[in-house]
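S.K.:
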Amino acid sequence: FRFFGRAESDERLRAPARRALERTGLAARANVPAASLSHGEQRQLELAMALATEPRLLLLDEPTAGMGQADSQRMVSLLAALKGSFAMLLVEHDMDAVFALADRITVMTYGRVIATDTPEAIRANADVRAAYLGTDA
Numbered sequence: 072f073r074f075f076g077r078a079e080s081d082e083r084l085r086a087p088a089r090r091a092l093e094r095t096g097l098a099a100r101a102n103v104p105a106a107s108l109s110h111g112e113q114r115q116l117e118l119a120m121a122l123a124t125e126p127r128l129l130l131l132d133e134p135t136a137g138m139g140q141a142d143s144q145r146m147v148s149l150l151a152a153l154k155g156s157f158a159m160l161l162v163e164h165d166m167d168a169v170f171a172l173a174d175r176i177t178v179m180t181y182g183r184v185i186a187t188d189t190p191e192a193i194r195a196n197a198d199v200r201a202a203y204l205g206t207d208a
C-alpha cells in the first residue's frame, strides 16, 4: 500500500486542476507560486481550487472583496461565465456584482431579511434602496 504519494504525478488529480486553471484564466501561470500572484490572481486561484472539486454548489463569500475595479470586473465576468455549471450562493456587498450575477437576491440589514426577489424588483424596492443603494439610486 502507498497511502501518501506525490499528487503531481497522479493524473486523476492533475486533470481537474488543469481544467480549473484553464476555466479561471490561470493556465499560463500554473507554475507560478501562489504567493507571487497578484491579489486578483490569488482570488482566481481560490476559485480554481474550488472548481477542481467539481462542485454541485459553490459558496462564495465576497469574491470581489479587496479588489480594484479591473480585477473585480474580471471576477464577475468569470463567475458569469460559470453560471449554469452548478448552483452558486453568493454573499457580496458589491451591489454591481450582485446585480450582474444573481437571478434571485435576498437582502439583509442588521441581521434581518428585508427583501427576497429578482434583481429588478430588488433594485426598485424602497427598503433596499434606503439601506444599500441610497435613496437617489
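Numbering of the sequence shown is given in my numbering, commencing with residue 72 and proceeding in unit increments. Built from N, CA and C at the ideal position, the CB exists for glycine as well.
Could you compute how far the alpha carbon of Arg194 sits from the alpha carbon of Arg200?
M.R.: 7 Å
S.K.: Check for me: the alpha helix (DSSP H) holding Val147 runs from which residue to which?
M.R.: 140 to 153
S.K.: Check for me: the alpha helix (DSSP H) holding Asp167 runs from which residue to which?
M.R.: Residues 166 to 172.
S.K.: Under 8 Å Cβ to Cβ from Gln113, same chain only, skipping five residues before and after it: list those, please.
M.R.: Ala105
S.K.: I want to know whether the segment 157 to 172 touches the segment 128 to 140 - three or more CB-CB distances under 8 Å.
M.R.: yes
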